[in-house]
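Participant:
Numbering (my numbering), first residue to last: 8 to 188.
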């Protein structure tokens, strides 16, 4: 049986120019990963760095967005306190989506079967009307279809079907989502 050998790990992951990346990390620390509430400044900075952001978007304090140039956000989206968008590849968030406090959108993981721990990435899509509960995790390559709900503390490792409520680790459907007027 082989053993893990991280000294030979080589990442094929490419990002932006080191100066752009460094400048983003500085601004992310000053304006996003902070308790101060500067919604219009946050939106403007994300757009400046290439994010495509719709209207009526609310980004609460202490949010961490790894690479804004890989972020697409629709209209009237709420991103709660302490959300971590670890977008090594594109994250696409539809309209009327709620990402609750402490939720994590993780587009990268490592291949535990390889001794070199190779990076694996997969885009995340949150379609219109999705609700990601507090402290929940959406894993690489997952699509949460229209109006799906991922309950508090749950982990989505596979796609969530439309108008279903999911719970657990791994998340499983527990009931249909009925939206009242």
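Cβ coordinates follow ideal geometry from the N, Cα and C atoms, glycine included.
#1: Look at residue 111 and residue 144 and say whether their C-beta atoms are less than 8 Å apart.
#2: Give the list of continuous beta strand (DSSP E) stretches no shorter than 3 residues that lie fully inside the segment 36–73.
#3: Residue 114 and residue 130 look like a contact to me (Cβ under 8 Å); what is the Cβ gap, rounded to whole Å?
#4: Below 8 Å on the Cβ atoms is my guess for residue 154 versus residue 184; work out the distance and round it to an integer in Å.
#5: Distance check for residue 128 and residue 148, CA to CA, integer angstroms please.
#6: Mind checking residue 140: buried by the 16 CB within 10 Å criterion, or exposed?
#7: What is the DSSP secondary structure of residue 147, counted as helix, strand or coil?
#8: Would the segment 49–66 count as touching the segment 82–89 if we require 3 or more Cβ pairs under 8 Å?
#9: So, using beta-carbon positions, are residue 91 and residue 116 closer together than 8 Å?
#10: In the DSSP output, which residue or residues are listed as bridge partners for residue 180?
#11: Below 8 Å CB to CB, which residues in the same chain sit around residue 41 once its five sequence neighbours on both sides are set aside?
#12: DSSP on residue 136, reduced to helix/strand/coil?
#13: Just the C-alpha distance for residue 146 and residue 53, rounded to the nearest angstrom, thanks.
#14: Do you know how far the Cα of residue 164 is from the Cα of residue 39?
#15: Could you compute how far the alpha carbon of residue 27 sits from the alpha carbon of residue 179?
#16: Nearest-angstrom Cα distance between residue 150 and residue 89?
#17: Name the DSSP beta bridge partners of residue 93, please?
Facilitator: According to the structure data:
#1: yes
#2: none
#3: 6 Å
#4: 6 Å
#5: 7 Å
#6: buried
#7: DSSP places residue 147 in coil when its eight states are reduced to three.
#8: yes
#9: Contact flag unset, no.
#10: 173
#11: 68 and 69
#12: coil
#13: 23 Å
#14: 27 Å
#15: 40 Å
#16: 22 Å
#17: 113
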